[in-house]
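Q: For reference, the structure I am asking about is given below.
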Amino acid sequence: MLIHLYLIKLFNNNIKEEDFVRDSNGTIHNYFLGNIQDSEVINNLQQTEEELIIRLKNQKNKNSLTKVPLQDDFCKEIDVINALLSRIRFRRAFLNILINFIQSNKKNMNKIKKALTFALTQIPIMKNTESLIKADITDFFNENINRKLYYQMPRVTIKYTTEETYNYYTSFFKEAAYLCSLTNEISYRALINIARKISESNNSSTLLRSILHSIIFENNSIVTNPKESKILKRMSIVDLIKEWLISFCDPIMYMDSKDSDIKDMMNAFYDRCINSVVDCIRIYGYNRSRIRRLLVQFIIEWDKLQEESEMLDNKLHNYYLLASKKEINDNENQTQYYISSWVYHIKLLYLEEYLSLGIELDIIMKHELLYTYWYLHYLYDVHEDHLKKTELLQGISTEYRKQNMKSSHSTLEKKLSDLKLSPYNYLYKKKNISAYKLISNAFVFMLIAFRKAEICKNPACEFDKENIRFYHRFKIFTEINNPAFVPYEIYIKNIETIQSDENSIKNCFSYAIAEFDKAKEYLISIKQFQDNVTQTQCYHEFFIKNIDNLLTIIHKNIENINIMTKKIAIMKIKNNNQNINTRKLNIKLNFEFNKIFPIIEIIELD
87 MLIHLYLIKL FNNNIKEEDF VRDSNGTIHN YFLGNIQDSE VINNLQQTEE
137 ELIIRLKNQK NKNSLTKVPL QDDFCKEIDV INALLSRIRF RRAFLNILIN
187 FIQSNKKNMN KIKKALTFAL TQIPIMKNTE SLIKADITDF FNENINRKLY
237 YQMPRVTIKY TTEETYNYYT SFFKEAAYLC SLTNEISYRA LINIARKISE
287 SNNSSTLLRS ILHSIIFENN SIVTNPKESK ILKRMSIVDL IKEWLISFCD
337 PIMYMDSKDS DIKDMMNAFY DRCINSVVDC IRIYGYNRSR IRRLLVQFII
387 EWDKLQEESE MLDNKLHNYY LLASKKEIND NENQTQYYIS SWVYHIKLLY
437 LEEYLSLGIE LDIIMKHELL YTYWYLHYLY DVHEDHLKKT ELLQGISTEY
487 RKQNMKSSHS TLEKKLSDLK LSPYNYLYKK KNISAYKLIS NAFVFMLIAF
537 RKAEICKNPA CEFDKENIRF YHRFKIFTEI NNPAFVPYEI YIKNIETIQS
587 DENSIKNCFS YAIAEFDKAK EYLISIKQFQ DNVTQTQCYH EFFIKNIDNL
637 LTIIHKNIEN INIMTKKIAI MKIKNNNQNI NTRKLNIKLN FEFNKIFPII
687 EIIELD
C-alpha cells in the first residue's frame, strides 16, 4: 500500500496529463494493487524464497545420498528452482529499493546501493533461464511514449520485448545508483548537474525523475515555501544562492557588507530570485519535451531578473561608494555588474539548452540544422565573451579581499571559505563553452559545403519559407532584452559570404576540420580537470565518457570529410566537371554518440 501511494504521489508531483502512459488495460493504477500492504508482499516473497531454498537443499542432499548420476528431469528441477529464486530475489530487492527511497537519508542510501548491486546480479540469471521456464514478459511497456512534438496525438503504447525489459531494468538500476549520491556534501551546481544528467539519459523514466524530485524536495513545501525550507534537509536556498554567487563572480564587498542598506538590498534580491533558483533543479523532474516548453517561461523570468539585477548593481555600487571611507580609484568608480553577470550567465546556459533540445527532440528538421548550429555558435560566442568580462570581476574581488579581509572573522567568509574562486573554475567554463562554439561552427561549414554541392537543399514548398521558419524557431530571442536577436537578413548575408564562389567545397571542409581540431584540444584539456571544478562529483565517469563521445564524433567527422571530399571530386569528374547529380547523394545523421552533434555521412541512393 505504501509503495502504491508513494508512486501515485510521485507521479502527481512530476507529470501532467499528456505525460501519463496507460498500461494494456488502459490505466496505470492497474499495476499497483492498493489493498495489499508492501510489508505483506515482501514477507510473502521472503517466505517463498526460504521454501524454495529448503527444497533446493533437499534435492541436492537427496542426490548426494543416492550417489546416482543426475537425471535430466532432476537437473531441470534444480534449474527451475534457481530461475524462480532469481526472480523472487529480484522482485524483493526492487521493492526494497522503492521503500528505502522514500526516506532519503544516508543510512537508507547505503541499503539502496546494496539492493541495487544485488538486483543487478539477478538479471543475467533471469535472462539465461527465460527459455527454461517460458515466462515471457507480455505486459511490460515502454513508459516513455517517445512523443516529441507536443501537438501530436498520443502514440500507441509500445510494449517491450523480454530482452528490452531486462535491458531497461539494468539501465534503471545504474541510473538509480546516481541518486544514492545526492545525500553527499555537494554544491547546488553539482546537484543541478546530476539532475540534468538523469533527465537527459536515454533511459530516464518517469519513476526515476519522480524519485529524484522526491529526494531533493521531500515534498512540495520547498516549492510553496522555499525560504523556510531546506533541500535534502540541509541546504538552505538562500545559502545556495550565496554559494553560487561567490563561486561565480564573488561580490564579497556586498555580501559581507556591514552597511544596513546594502544588507537589505541583498536580502531583497535573495527573496526575489529564490523561486527561480529552485526552478533551476525542479525543471529536470519533467520529461524532455515539457522541459523545452517550460524553458520559454523560465528564460523570460530570468530575463526580467537580469534587468532588475542591473538596476540593483547600480544601487549597490552607489551605496558602496558612499559607505566607503577610503579613496576610490578609477576601476572602483565604475559600476561592476556582479549580480546581473551571474543572472546573465544562467540565462545563457538555458538559452543554449533550449536550442539544443530542439535538435534532440527532432523538432528541428534536417534542412533547419544549418541556421540552428549558426545561432548556437552565436550564443556560445556571446557566452564566451561574457565569461571573459566576468573574469575581470574576480580580480577586483581578490584585491578587495587583500585590503579588507586580511584578518577577517566574517561568518560568511568562514562558512564559504572552501568556495574561494580558483582560476580553474573560469578556465573550465571558458574551455567548455569554446569547445561547443567551435564544434557548432564546424557543423556550419560542413552543412554549407553540402549546400554548395547541392546535397542538402531546402525542400521546395510553396507554404514553407525559410525566413518564416527562422523567426519561428528563434522567437524566444525577440521576447528578451539580451542577447540581441540576430535577424534572418544577417544570417543570410553571413551564409552567402561563406557560400560564395570564392569559397570552394574543399575550403569549407578544410575550415570545418580546423574548427574540429581546435575543439579537440579543448576537450582533451577539459578531461584533466578534477570533478570539484567541473561540478560532476556524482557522475564524473559519465562526464568523461561524454567528452570521449564528442572526441569520437570529431574523429569520425574528420574521417568522413576526407572521404566526402574524394567522393564529390570523383563524381564531378564523372559528370564532366558539372554539378554533382544530387539525386544520387544524400546525408545521413547519426546521433548515436551525442543528441546534439551527429556523425554526418554521405550515402549514395539507388
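Under this note's numbering, think of the first position of the sequence shown as 87, with each following residue one higher. Just so you know, even glycine gets a beta-carbon here, dropped at the ideal spot from N, CA and C.
Is the Cβ-Cβ distance between Arg178 and Gln133 less than 8 Å?
A: Not closer than 8 Å, so no.
Q: Determine the DSSP secondary structure at Ile685, reduced to helix, strand or coil.
A: Strand at Ile685.
Q: For Val107, does the three-state DSSP call read helix, strand or coil?
A: Its pLDDT being 37, under 50, Val107 is placed unreliably in this model, and the coordinates cannot settle the point.
Q: Spell out the partners DSSP gives Leu675 in its beta bridges.
A: In the DSSP output, where bridge partners are listed per residue, Leu675 has Ile686.
Q: Quick one: Cα of Glu396 to Cα of Met451, how far?
A: Going by the C-alpha atoms only, they are around 38 Å apart.
Q: Does DSSP put Tyr92 in a helix, a strand or coil?
A: Legend: pLDDT at Tyr92 = 45, less than 50; position of this residue unreliable, value from coordinates given subsequently. It is helical.
Q: Please classify Lys283 as buried or exposed, where buried requires at least 16 other C-beta atoms within 10 Å of its C-beta.
A: So Lys283 counts as buried.
Q: Relative to the C-alpha of Gly371, which candidate in Ile297, Ile685, Tyr430 and Tyr424 has its C-alpha closest?
A: Per the Cα distances, Ile297.
Q: Mapping the DSSP letters down to three states, classify Ser590 as helix, strand or coil.
A: Here Ser590 sits in coil by DSSP.
Q: Considering only residues of the same chain and omitting the five flanking positions on each side of Asn400, which have a CB-CB separation below 7 Å?
A: Excluding residues within five positions, the ones whose Cβ falls inside 7 Å are Thr421.
Q: Considering only their Cβ atoms, is the gap separating Asp336 from Ser483 smaller than 8 Å?
A: In this structure, Asp336 lies closer than 8 Å to Ser483 by Cβ.
Q: Go ahead and label Glu439 buried or exposed: buried means 16 or more other beta carbons lie within 10 angstroms of its beta carbon, across all protein chains shown.
A: It counts as buried.
Q: Who are the Cβ neighbours of Gln208 in its own chain at under 6 Å, not counting the five residues just before and after it?
A: The residues are Ser172, Arg175 and Phe176.
Q: Answer yes or no: do Ile323 and Pro312 have a C-beta to C-beta separation smaller than 8 Å?
A: Their beta carbons are under 8 Å apart, which means Ile323 touches Pro312 by this criterion.
Q: Within 10 Å of its beta-carbon, does Gly481 have 16 or more other beta-carbons around it, so buried, or fewer, so exposed?
A: Per the 10 Å Cβ criterion, exposed.
Q: Is it buried or exposed for Gln623, if we count other Cβ within 10 angstroms and need 16 for buried?
A: Buried.
Q: Out of Met195, His431, Leu637 and Ala528, state which residue places its alpha-carbon closest to the alpha-carbon of Lys515.
A: Answer by Cα proximity: His431.
Q: Mapping DSSP to helix, strand and coil, what is Ile231?
A: Any answer about Ile231 is weak, because its pLDDT of 46 lies below 50 and its placement is not dependable; what the coordinates show is given next. If DSSP states are grouped into helix, strand and coil, Ile231 belongs with coil.
Q: Please state whether DSSP places Ser322 in a helix, a strand or coil.
A: Strand, per DSSP.
Q: Answer yes or no: do Lys433 and Ile385 have a C-beta to C-beta separation smaller than 8 Å?
A: Contact: yes.
Q: Rounding to the nearest angstrom, what Cα-Cα distance links Glu690 and Asn672 in this structure?
A: If you take the alpha carbons of Glu690 and Asn672, they lie about 6 Å apart.
Q: Taking all protein chains shown into account, do 16 or more other C-beta atoms lie within 10 angstroms of the C-beta of Asn279, making it buried, or fewer, making it exposed?
A: Its Cβ being crowded by 16 or more others within 10 Å, Asn279 is buried.
Q: Measure the alpha-carbon distance for Leu138 versus Tyr264 and round it to whole angstroms.
A: Rounded to the nearest angstrom, the two C-alpha atoms are 33 Å apart.
Q: Quick check: what's the CA-CA separation for Tyr597 versus Asn553?
A: Straight-line Cα distance between these residues: approximately 26 Å.
Q: Under 7 Å Cβ to Cβ from Asn680, same chain only, skipping five residues before and after it: list those, please.
A: Closer than 7 Å at Cβ, skipping near neighbours: Asn635, Leu636 and Ile639.
Q: Name the residue from Ser333, Ser217, Met532 and Gln392 whose alpha carbon lies nearest to the alpha carbon of Gln585.
A: It is Met532.
Q: Measuring CA to CA, which of Lys543, Tyr510, Ile591 and Glu136 is closest to Gln616?
A: Checked all of Lys543, Tyr510, Ile591 and Glu136; the closest Cα to Gln616 is Tyr510.
Q: Nearest CA to the CA of Asn253: which residue from Pro210, Ser285, Cys266 and Leu293?
A: When each option's Cα is compared against that of Asn253, the closest is Pro210.
Q: Under a Cβ-count criterion, where at least 16 other Cβ atoms within 10 Å of its own Cβ denotes burial, should Gln392 be classed as buried or exposed?
A: Buried is the call here.
Q: The alpha helix (DSSP H) spanning Leu258 covers which residue range?
A: According to the sequence displayed, residue 258 carries Phe and not Leu. From DSSP, the alpha helix (DSSP H) with Phe258 extends over Thr248 to Leu265.
Q: Relative to the alpha-carbon of Lys197, which residue among Ser267, Tyr436, Asp350 and Glu454 has its alpha-carbon at the smallest distance?
A: Checked all of Ser267, Tyr436, Asp350 and Glu454; the closest Cα to Lys197 is Ser267.
Q: Under a three-way DSSP split, which group does Asn99 fall into?
A: Model confidence at Asn99 stands at a pLDDT of 49, short of 50, so the residue's coordinates are unreliable; what they give is reported in the following sentence. It is helical.
Q: My guess is that Ile348 and Tyr424 are in contact by the Cβ rule of under 8 Å, so how many angstroms apart are they, rounded?
A: Not a contact, Cβ separation roughly 12 Å.
Q: Just curious, the alpha helix (DSSP H) that Gly371 is in, first and last residue?
A: It is not in any alpha helix (DSSP H) - Gly371 carries neither H nor E in the DSSP assignment.
Q: Of all the options Glu678, Phe629, Ile688 and Phe628, which has the alpha carbon lying nearest to the alpha carbon of Lys652?
A: Selected option, being the one with the closest Cα: Ile688.
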